[in-house]
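Count along the sequence shown from 1, then add 187; that gives the number in this note's numbering. We put the beta carbon where it would ideally sit given N, CA and C, even for glycine. The structure presented is a predicted model; accordingly, all values stated were derived computationally and were not measured. Single-structure report; data block below.
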Amino acid sequence: MPLSSQNQDSPMISELRQDIVTGDWVVIAKARAQKPESFKKEEEASSKFSTSECVFCHPEETGQKKDTLIYYRDDGEWSLRVFPNKFPAFERQSNTVRHWTEGPYFGMEGVGYHEVIVTRSHQRTYGEMTVEEVAELVDAFRTRYLDLMKRKSVKYIMIIHNHGKNAGASQPHPHCQLFAIPVISPGIELELKGTENYYKSNKECAFCTMVNWELKEKKRVVFENDSFIVITPFASRSAFELWIIPKKHSPYFERITQREEWDFGEAIQKAMKKLFLGLNDPAINFYLHTSPCDGRDYDHYHWHLEILPRTSIWAGFEMATGVEVSTILPEEAARFLKKQN
Ligand SMILES: [Zn+2]
Ligand SMILES: [Zn+2]
């Protein structure tokens, strides 16, 4: 449905905006609008444990499983390591995935892989690390992805990062988690269907359309380099939501080049730094959305990273509708974040 050309200068009380990929609606309550500064997290007593108690600072002493990947610094100390999660949500048990039914219900064994990707520094968040360190993290994502995608029963690989207690991080030491699972999640299915429908109607990828529009308009672009843009999406689901999108059409994350790994690392580092500075180290979740690895073609899809700072707590309306009432315009959030360096 075409929207009129009304924009933030119009006297609307609130705006409903639609995501062109998923068709989801979001609400921006302009009458309740807040200044960007008011989203800053209040200071709290540091919940960071000392490094001597940290299970990720000393993985070999705290009973972590054997590394599946390790990187070293020039001085011979490790800089990044990947190992199976001690308390996995998915685990490899056999070569077959057991299915069962119970009357109208259907169930499946949680077969898969669940790994933890740990960078060396206990204190520094990704926004405080160097681009080189974050680019190494991206290289670890790709290396583990390429290995696990070949395994039987793996249909989808999800890479996520939780930062801060309010984002569900159980360990304060910066880390990502990788889940290689036998199913494609409903959120991904929705994006795959949405991009396929968009392609059929418009003969163009929805994300490429978005990238071209945002590069022309500039008002929602927070950062860009040769390969990526960082934007506050038009239909942001939460205040200060950021998406990192490859500029060229790319359905498959695992096919990025070495140059793009560096650029992606820089885009993550810059986005996280801007949120860290602008919102005073907020709790954050980010996750990679890429094509499934089930052997089918997804040439209409376009991989990207979604970053969601936890700036509000979902109440009844949000839980009931799945629609968040955001109190800042994405354009204003972009203006504010662009200045944080
Ligand atoms: Zn640590
Ligand atoms: Zn595209």
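Between the CA atoms of residue j and residue i - distance to the nearest angstrom
| i | j | result |
| --- | --- | --- |
| Leu-190 | Thr-396 | Residue placement at Leu-190 is poorly supported in this model, since its pLDDT is 45, which falls under 50; the coordinates are not used for a value here. |
| Phe-578 | Ile-431 | No answer is possible for residue 578: the residues shown for the chain start at 188 and end at 528. |
| Gly-381 | Gln-205 | 12 Å |
| Gln-193 | Gly-210 | Interpretation of Gln-193 is limited by its pLDDT of 47, a score under 50 that renders its predicted location unreliable; no figure is taken from the coordinates. |
| Ser-201 | Ala-422 | 13 Å |
| Asn-349 | Ala-356 | 5 Å |
| Ala-322 | Phe-504 | 39 Å |
| Glu-453 | Phe-427 | 19 Å |
| Lys-461 | Lys-525 | 8 Å |
| Thr-498 | Gly-290 | 42 Å |
| His-309 | Thr-514 | 34 Å |
| Leu-335 | Arg-260 | 25 Å |
| Gly-351 | Met-199 | 35 Å |
Spatial neighbours of residue i in its chain, beta-carbon cut-off 6 Å, leaving aside the 5 residues before and after
| i | result |
| --- | --- |
| Ser-478 | Pro-438, Tyr-439, Tyr-485 and Tyr-488 |
| Phe-328 | Ile-346 |
| Ala-521 | Arg-407, Val-409 and Thr-419 |
| Val-242 | Thr-249 |
beta-carbon residue i near ligand 2 non-hydrogen atom, thresh 8 Å
| i | result |
| --- | --- |
| Val-408 | no |
| Val-208 | no |
| Phe-394 | yes |
| Ser-414 | no |
Neighbourhood of residue i by C-beta, 8 Å cutoff - its chain only, sequence neighbours within 5 removed
| i | result |
| --- | --- |
| Phe-293 | His-286 and Trp-287 |
| Glu-264 | Arg-307 |
| Val-284 | Met-295, Glu-296, Val-298, Ser-340 and Pro-369 |
| Leu-466 | Phe-226, Lys-227, Lys-228, Phe-427, Pro-496 and Thr-498 |
With 16 other Cβ atoms within 10 Å as the buried cut-off, status of residue i
| i | result |
| --- | --- |
| Lys-457 | buried |
| Met-316 | buried |
| Ala-393 | buried |
| Ile-344 | buried |
| Asn-399 | exposed |
| Pro-509 | Reading the sequence as shown, one finds Gly at residue 509 and not Pro. Answer is exposed; the Cβ neighbour count stays below 16. |
| Arg-446 | exposed |
Near ligand 1: residue i beta-carbon under 8 Å from a heavy atom
| i | result |
| --- | --- |
| Cys-241 | yes |
| His-489 | no |
| Cys-480 | no |
| Thr-238 | yes |
| His-350 | no |
Contact set for residue i: own chain, Cβ-Cβ below 7 Å, skip 5 residues either direction
| i | result |
| --- | --- |
| Asp-450 | Asn-412, Asp-413, Ser-414 and Phe-415 |
| Phe-270 | Pro-246, Gln-251, Lys-252, Lys-253, Asp-254, Thr-255, Glu-302 and Val-303 |
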